[in-house]
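J.: Numbering (this note's numbering), first residue to last: 58 to 252. Yeah, the Cβ is synthetic: ideal placement off N, Cα and C, and Gly gets one too.
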């Protein structure tokens with residue numbers, strides 16, 4: 058019971074995942090921990106396998122749920138392994154695109170910005186079709202424009218978001234304020250001290 062309890066609380070900051078060991082009649086145990094451990098071991102070794110680790114697991118008859126993959130992605134992001142996390146998200150989209158959450162699209166867009174840059178992120182945004190995925194993937198792209206201090210592109214993208222009906226939350230407006238506020242503050246400072 059102690060070992061089960063330790064496994065339940067292994068992920069403090071993530072969703073609580075319970076590991077129940079299931080004997081499949083062999084010495085292999087089909088647990089999320091073993092799947093996670095195997096994927097992280099291959100990723101940590103730095104070896105780029107010719108075949109996807111996830112595909113190998115499926116070929117062995119293991120079931121890999123999207124929730125398990127999300128936990129693995131969080132672990133990779135904590136280790137700052139953005140490339141492998143992006144590969145898992147790409148695999149999730151090709152295999153389970155109908156089950157991906159809006160947050161998965163946003164996270165993939167963030168990782169594309171970090172790994173490949175703005176141009177590739179723009180291509181990915183243009184390839185999305187559903188409104189929900191567009192809405193979630195728009196904020197990381199806008200944030201990229203703001204971090205680059207590209208005012209014209211950010212304004213044009215904000216107009217595009219408004220036309221598509223994607224700017225419904227305060228987050229895009231907050232990002233635009235990050236871009237505009239330093240200029241407004243400097244203007245106020247200049248007006249108050251240069252009278």
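Is the beta carbon of residue 229 sitting closer than 8 Å to the one on residue 191?
T.: In the chain shown, the residue the question calls residue 229 occupies position 172. In the chain shown, the residue the question calls residue 191 occupies position 134. Contact: no.
J.: With C-beta atoms as the reference, is residue 201 less than 8 Å away from residue 178?
T.: Your numbering for residue 201 matches position 144 in the chain shown. Your numbering for residue 178 matches position 121 in the chain shown. In contact: residue 201 and residue 178 (Cβ atoms closer than 8 Å).
J.: Measuring straight from C-alpha to C-alpha, what distance separates residue 219 and residue 232?
T.: Counting from 1 along the chain shown, the entry for residue 219 is found at position 162. Counting from 1 along the chain shown, the entry for residue 232 is found at position 175. Taking the straight line from one Cα to the other gives about 14 Å.
J.: Answer yes or no: do residue 166 and residue 194 have a C-beta to C-beta separation smaller than 8 Å?
T.: What you label residue 166 is simply residue 109 of the chain shown in a count that begins at 1. What you label residue 194 is simply residue 137 of the chain shown in a count that begins at 1. Their beta carbons are under 8 Å apart, which means residue 166 touches residue 194 by this criterion.
J.: Look at the Cβ atom of residue 189, then the Cβ atom of residue 159, and state whether they are nearer than 8 Å.
T.: The sequence position of residue 189 within the chain shown is 132, counting from 1. The sequence position of residue 159 within the chain shown is 102, counting from 1. Yes.
J.: Tell me the residue span of the alpha helix (DSSP H) that contains residue 195.
T.: Here the question's residue 195 lines up with position 138 in the chain shown. Here the alpha helix (DSSP H) through residue 195 covers 188 to 204.
J.: Of the choices 206, 162, 137, whose alpha-carbon is the least far from that of residue 186?
T.: Taking the first residue of the chain shown as 1, we reach residue 186 at position 129. That would be 162, whose Cα lies nearest to the Cα of residue 186.
J.: Around the Cβ of residue 127, are there at least 16 other Cβ atoms within 10 angstroms (buried) or fewer (exposed)?
T.: Numbered from 1 along the chain shown, position 70 holds the residue referred to as residue 127. It counts as buried.
J.: Need the endpoints of the alpha helix (DSSP H) that residue 127 sits in, please.
T.: Against the chain shown, residue 127 aligns to sequence position 70. Taken as a continuous stretch (DSSP letters only), the alpha helix (DSSP H) holding residue 127 covers 123 to 135.
J.: Do you know whose CA, among 139, 140, 148, lies nearest residue 123's CA?
T.: Here residue 123 corresponds to residue number 66 of the chain shown, with the count starting at 1. Of the candidates 139, 140, 148, the one whose C-alpha sits nearest the C-alpha of residue 123 is 148.
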